[in-house]
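K.L.:
Okay, handing you the structure first.
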Amino acid sequence: MRAETFEFLRSLLNTPTPSGFEAPGQRVWSDYARTFADDVHSDKYGNTMAVVNPGARPKVVLDGHCDEIGLMVKHIDDKGFIYVQPIGLVAANRLPGMRVHIHARKGTVLGVVAAMPPHMLSQLPEDKKKPPQIHELAIDIGAADGKAARTRVAVGAPITTVGDLEMMTDDVVVARGFDDRIGAFAAVETLRLIAERRDELNCCVIAHSAVQEEVGIFGAMMSVFNIRPDAAIAIETAICSDHPGVEPAQFGVIALGGGPTIFIGRENHPELVARFRAQAKANRIPLQVAPHDEGHGTNASSFYMEVGGVPSAIISIPTRYIHSAIEVSTLTDMERTARLLAAVCLNIKKDETFRVKV
Amino acid sequence: MRKQSFDFLKKLLSSPTPSGLEVQGQKLWCDYARKFADKVSTDSYGNAVAVLNPRGSPKIMLDGHIDEIGLMIKHIGDDGFIAFQAIGGVDAAGLRGKRVSIHAAKGIVRGVIGAVAPHLTKGKDKDAKPPAIHDLTIDIGAKDGKAARKRVAVGDTITFVDDFEMLTDDLAVARAFDNRVGSWVAVEALRMAAEKRDRLQCAIYACSSVQEEVGLKGATMNVFNVRPDAALVVEVTHATDSPGISAAQHGQVKLAGGPTISIGRENHPAVLDKLRAAAKAKKVKLQTEAFSASGGTDALAIYSAVGGVPSAVIGIPTRYMHSTVEMISLTDLRQATDVLAETCLSISKGDEFRVKV
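Protein sequences, first through last, are from chains A and B.
Residue 170 in this note's numbering is what sits at position 170 of the first sequence, and the numbering runs on without skipping anything.
Just remember that this note's numbering sits 1000 ahead of the position in the second sequence, which is counted from 1.
See below:
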């Protein structure tokens, strides 16, 4: 990976962007985009767009959401312990023993999620040995009492786990919140590749760094109305199923480093899916294929059924252990995803439309 | 509280407004609004909108939903007993022994939700569990199905009879403050702003929305029709200071502790700044909550619509929500109104609400 690109990736992932509090990440993203985009702007809730070749049609959105899951201060008790609610889909049983950053008005406050010593745990009655629910967790910020705690943090302050980007090998990388900052990363990185080959480009490409996906795909819902795209690609993390404890019969096989993943059905428009397949083949990029997700939606769910229907598709970057502080992905698949997306966009003809042929 | 305002509040709370049949409440609301709004109108589903200073800018929506939870007749048995379904989030465990009003074509029919005498259920396991809603029936005193069907029909809406009463000189009890007090605050804030019209630069659209309890539907229509630049949504919020509620789990909100604001998700930081400044100016202490992770309000329908509408929820602390003994403080209600009116008055022409990137 190019040195400047890697530095941008690192900077984006080390910036806290819990849903609803994405502005610091959007600034990092905008600064990078401004070095090659024709226009960079944000909307009222902070959705941020970078455009190349404005005015051309079709208008193609490459979307990744900049928000990550997190926690929020719900209550501070008189002993100075802090109780939380989730921002997005948080697994409570992963939290005891984590370090967290509370993003308070006056700056970042370090805390730890209280963890019962196993010596005590083994002596508890059976019903107390169950994995904790989120409201049973307490964050310790080292405050003497409630009054001391309340001078440093307040109800409503967002929280992220501590877990910056680190390399595990020269390709495999670990961080918190790849989901879906690598989507926002790949969107703008694709735009950079396209800007370098601008004379071959016949459509308008808008890289979109969305807010508030994890709390209900709300950011993309605003942008689809404002942008009115002709097609939209949501770039997401694919949930890898190649680690112990996951049954292929239940979850299929998506391998880490096995190439970007496309999905079939529902929001994934067949015409767009066909283009991914063709360009992957032409550019010798391995492509993994999976049926559409039956459960949780992505921003593509917001795009495809709004404003009369926007042909959409999801392309995903294989990632292990999503929604934890140790998400694992590969630089190679991030780059492959950007290359594939660039190839698809550069292949789109002037005024082309995407239709299911009836 | 001003006598006319208090009388209007009492009347609103004593009128039946189950989701989908809010007309009686909307008539009261519109009549009240007409005294000082520049324009009052309703839409195809009965959402009501009162406008003050329509040429002002920006356009500020004040929303409160007027519908309450209720029941609807599902089936009338040949024995004359009536089975029903819920309208909105009704807790079946609290229904036995309640009096109800069935809003039939020819007028109100009184009924009671049967409660088997404890003498007869003693020691029976099945009655230890709370009932499911379809286990319950309404008795209207009909001798058989034929007699019952003359008076009521499938699809008739049902509300509880419990009206407004004062417990102290500040605390009031009624069924369904949720959320008739929200629509009351919206129009009352408009009235207060109308008194200070010379200071007012923005346009105020007070909305009494229908069908919140069945999926935020009325506000979804309103936001498309009004196209506001910002929205302030008044809703009841859970006071967590009665026995049996964990502050660690549900946050700490005190009855009569002041209206609340919420942080996160739909609650736009720039709108919150305006609310905080207005509260300070009116010397009102706001309580702060984390955004509602468990439920939605009209703000959830409004903020992501029509390209994004900067929004915030103002909460009225309420005990025992969705029961027939909801409890609020009139002081909280008045303070919420003061803050809302002052917020509107403090907005300058051309003000924009943006997350700064």
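Where is the CB? At the ideal position from N, CA and C, for every residue including glycine.
All values derive from a computational prediction rather than experimental measurement.
Based on Cα-Cα distance, which residue from B:Leu1286, B:Asp1038, B:Leu1300 lies nearest to Ser1292 of chain B?
P.N.:
Indexing the second sequence from 1 puts residue 1292 of chain B at position 292. The shortest Cα separation from Ser1292 of chain B among B:Leu1286, B:Asp1038, B:Leu1300 belongs to B:Leu1300.
K.L.:
For Pro86 of chain A, return the contacting residues in chain B, with the cut-off set at a CB-CB distance below 8 Å.
P.N.:
Locating residue 86 of chain A in the first sequence gives position 86, where the first residue counts as 1. Ala1293, listed in chain order.
K.L.:
Can you tell me whether Ser312 of chain A is buried or exposed, with buried defined as 16 or more other CB within 10 angstroms of its CB?
P.N.:
Translated into positions along the first sequence, residue 312 of chain A becomes position 312. Its Cβ being crowded by 16 or more others within 10 Å, Ser312 of chain A is buried.
K.L.:
In terms of alpha-carbon separation, which member of B:Gly1107, B:Ala1093, B:Ile1328 lies closest to His1134 of chain B?
P.N.:
Walking along the second sequence from the start, residue 1134 of chain B turns up at place 134. Checked all of B:Gly1107, B:Ala1093, B:Ile1328; the closest Cα to His1134 of chain B is B:Ala1093.
K.L.:
Kindly say whether Thr1288 of chain B, judged by its beta-carbon, lies nearer than 8 Å to any beta-carbon of chain A.
P.N.:
Here residue 1288 of chain B is taken as the residue at index 288 of the second sequence, counted from 1. Yes, its Cβ sits closer than 8 Å to a Cβ of chain A.
K.L.:
Given 8 Å as the limit, is there contact between the segment 125 to 136 of chain A and the segment 172 to 192 of chain A, that is, 3 or more CB pairs closer than that?
P.N.:
Touching, no, given that fewer than three Cβ pairs across the two stretches are closer than 8 Å.
K.L.:
Using a Cβ-Cβ cut-off of 8 Å, state whether Met72 of chain A counts as contacting chain B.
P.N.:
Counting from 1 along the first sequence, the entry for residue 72 of chain A is found at position 72. Yes, contact with chain B.
K.L.:
One question on the structure: do Leu1333 of chain B and Val1185 of chain B come within less than 8 Å of each other, judged by their Cβ atoms?
P.N.:
Taking the first residue of the second sequence as position 1, residue 1333 of chain B is located at position 333. Taking the first residue of the second sequence as position 1, residue 1185 of chain B is located at position 185. Yes, the pair counts as a contact, with Cβ atoms nearer than the cut-off.
K.L.:
Answer yes or no: does any C-beta atom of chain B fall closer than 8 Å to that of Val92 of chain A?
P.N.:
For the purposes of this step, residue 92 of chain A is identified with residue 92 of the first sequence, where counting begins at 1. Sequence check: residue 92 of chain A is Ala here, not Val. Output row for Ala92 of chain A: interface = no.
K.L.:
Can you check which of these residues, A:Ile141, A:His323, A:Arg10, is closest to Glu166 of chain A by C-alpha distance?
P.N.:
Taking the first sequence and counting its residues from 1, the one referred to as residue 166 of chain A is at position 166. Selected option, being the one with the closest Cα: A:Arg10.
K.L.:
CA-CA distance, Lys350 of chain A and Gly308 of chain A?
P.N.:
Mapped onto the first sequence, residue 350 of chain A falls at position 350. Mapped onto the first sequence, residue 308 of chain A falls at position 308. So the two alpha carbons sit approximately 22 Å from each other.
K.L.:
Starting from Gln288 of chain A, follow the beta strand (DSSP E) in both directions and report where the run begins and ends.
P.N.:
Numbered from 1 along the first sequence, position 288 holds the residue referred to as residue 288 of chain A. Looking at the DSSP string, the run of the beta strand (DSSP E) that includes Gln288 of chain A is 288 to 291.
K.L.:
Should Ala1231 of chain B be labelled buried (16 or more other beta-carbon atoms within 10 Å of its own) or exposed?
P.N.:
What you label residue 1231 of chain B is simply residue 231 of the second sequence in a count that begins at 1. Ala1231 of chain B comes out buried.
K.L.:
Compute the minimum distance between the beta carbon of Gly1258 of chain B and the heavy atoms of the ligand GDP, and state whether it is under 7 Å.
P.N.:
The ligand GDP is absent from the structure shown, which contains no ligand whatsoever.
K.L.:
Have a look at A:Ile76, A:His101, A:Glu4, A:Val310 and flag the residue whose alpha-carbon is nearest the alpha-carbon of Ala1247 of chain B.
P.N.:
If you number the second sequence from 1, residue 1247 of chain B lands on position 247. Among A:Ile76, A:His101, A:Glu4, A:Val310, the Cα nearest to that of Ala1247 of chain B belongs to A:Ile76.
K.L.:
Just verifying my parser: in three-state terms, what is the DSSP assignment at Met305 of chain A?
P.N.:
Translated into the one-based positions of the first sequence, residue 305 of chain A becomes position 305. Coil.
K.L.:
Whose C-alpha, out of A:Cys203, A:Ser209, A:Ala280, A:Ala325, is nearest the C-alpha of Leu177 of chain A?
P.N.:
Here residue 177 of chain A is taken as the residue at index 177 of the first sequence, counted from 1. This sequence places Gly at residue 177 of chain A; Leu is not what is there. Checking every option, the nearest Cα to that of Gly177 of chain A belongs to A:Ala325.
K.L.:
Assess contact between the segment 295 to 307 of chain A and the segment 244 to 255 of chain A, defined as three or more Cβ pairs (one per stretch) separated by less than 8 Å. Is contact present?
P.N.:
With the cut-off at 8 Å, the segment 295 to 307 of chain A and the segment 244 to 255 of chain A do not touch.
K.L.:
Which residues of chain B have a Cβ atom closer than 8 Å to the Cβ of Thr48 of chain A, listed in chain order?
P.N.:
By 1-based counting over the first sequence, the position of residue 48 of chain A is 48. Those within 8 Å of Thr48 of chain A in chain B are Val1357.
K.L.:
Closest to Leu1136 of chain B by CA distance: which of B:Ala1147, B:Val1152, B:Ala1086, B:Thr1168 is it?
P.N.:
Counting from 1 along the second sequence, the entry for residue 1136 of chain B is found at position 136. When only C-alpha atoms are compared, the closest one is B:Ala1086.
K.L.:
Under DSSP, the alpha helix (DSSP H) around Thr15 of chain A begins and ends at which residues?
P.N.:
For the purposes of this step, residue 15 of chain A is taken as the residue at position 15 of the first sequence. Run containing Thr15 of chain A: none; DSSP gives neither H nor E here.
K.L.:
Please identify the residue among A:Asn14, A:Ser19, A:Phe6 whose C-alpha is closest to the C-alpha of Gly219 of chain A.
P.N.:
Mapped onto the first sequence, residue 219 of chain A falls at position 219. Gly219 of chain A has its Cα closest to that of A:Ser19, out of A:Asn14, A:Ser19, A:Phe6.
K.L.:
Tell me where the beta strand (DSSP E) around Pro96 of chain A begins and ends.
P.N.:
One-based indexing of the first sequence puts residue 96 of chain A at position 96. Run containing Pro96 of chain A: none; DSSP gives neither H nor E here.
K.L.:
Compare the Cα-Cα distances from Glu306 of chain A to each of A:Ile227, A:Ala282, A:Leu121 and report the closest residue.
P.N.:
The residue given as residue 306 of chain A occupies position 306 in the first sequence. Among A:Ile227, A:Ala282, A:Leu121, the Cα nearest to that of Glu306 of chain A belongs to A:Ile227.
K.L.:
Can you have a look at Asn283 of chain A and say buried or exposed, based on whether 16 or more other CB atoms are within 10 angstroms of its CB?
P.N.:
By 1-based counting over the first sequence, the position of residue 283 of chain A is 283. Burial call: exposed.
K.L.:
Keeping to the same chain, check which residues put their C-beta closer than 6 Å to that of Ser1346 of chain B; ignore five residues upstream and five downstream.
P.N.:
One-based indexing of the second sequence puts residue 1346 of chain B at position 346. Only Ala1278 meet the Cβ criterion.
K.L.:
For Asn1267 of chain B, name the three-state secondary structure that DSSP assigns.
P.N.:
The residue given as residue 1267 of chain B occupies position 267 in the second sequence. Looking at Asn1267 of chain B - three-state DSSP - the assignment turns out to be strand.
K.L.:
Select from A:Ala338, A:Asp67, A:Ile317 the residue whose C-alpha is nearest the C-alpha of Ile159 of chain A.
P.N.:
As a working note, residue 159 of chain A is residue 159 in the first sequence. When each option's Cα is compared against that of Ile159 of chain A, the closest is A:Asp67.
K.L.:
Using a Cβ-Cβ cut-off of 8 Å, state whether Asn226 of chain A counts as contacting chain B.
P.N.:
Here residue 226 of chain A refers to the residue found at position 226 when the first sequence is read from its first residue. Chain B, which has a Cβ nearer than 8 Å to the Cβ of Asn226 of chain A, makes this yes.
K.L.:
Is Val1181 of chain B helix, strand or coil by DSSP?
P.N.:
Position 181 of the second sequence, counted from the start, is the residue given in the question as residue 1181 of chain B. Three-state result, Val1181 of chain B: helix.
K.L.:
According to DSSP, simplified to helix, strand and coil, what is Lys1143 of chain B?
P.N.:
Counting from one through the second sequence, the residue named residue 1143 of chain B turns up at place 143. In this structure, Lys1143 of chain B counts as coil in the three-state DSSP scheme.
K.L.:
Got a sec? Which residues, its chain only, sit under 6 Å from Thr190 of chain A by beta carbon, not counting five neighbours each side?
P.N.:
The sequence position of residue 190 of chain A within the first sequence is 190, counting from 1. Around Thr190 of chain A: Leu62, Ala338, Leu341, Ala342.
K.L.:
Using a Cβ cut-off of 9 Å, pull out every chain A residue sitting near Val1154 of chain B, in sequence order please.
P.N.:
The sequence position of residue 1154 of chain B within the second sequence is 154, counting from 1. In chain order: nothing, as chain A lies at least about 33 Å away.
K.L.:
For the segment 1269 to 1283 of chain B against the segment 1321 to 1330 of chain B, do three or more pairs of beta-carbon atoms, one drawn from each stretch, fall closer than 8 Å, so that the two count as touching?
P.N.:
Too few Cβ pairs lie closer than 8 Å, so no.
K.L.:
I need the straight-line Cα distance from Gly1264 of chain B to Phe21 of chain A, nearest angstrom please.
P.N.:
Counting from 1 along the second sequence, the entry for residue 1264 of chain B is found at position 264. Counting from 1 along the first sequence, the entry for residue 21 of chain A is found at position 21. C-alpha separation (whole angstroms): 8 Å.
K.L.:
Tell me the DSSP secondary structure of Val1109 of chain B in three-state form.
P.N.:
Within the second sequence, the letter at position 109 stands for residue 1109 of chain B. In this structure, Val1109 of chain B counts as strand in the three-state DSSP scheme.
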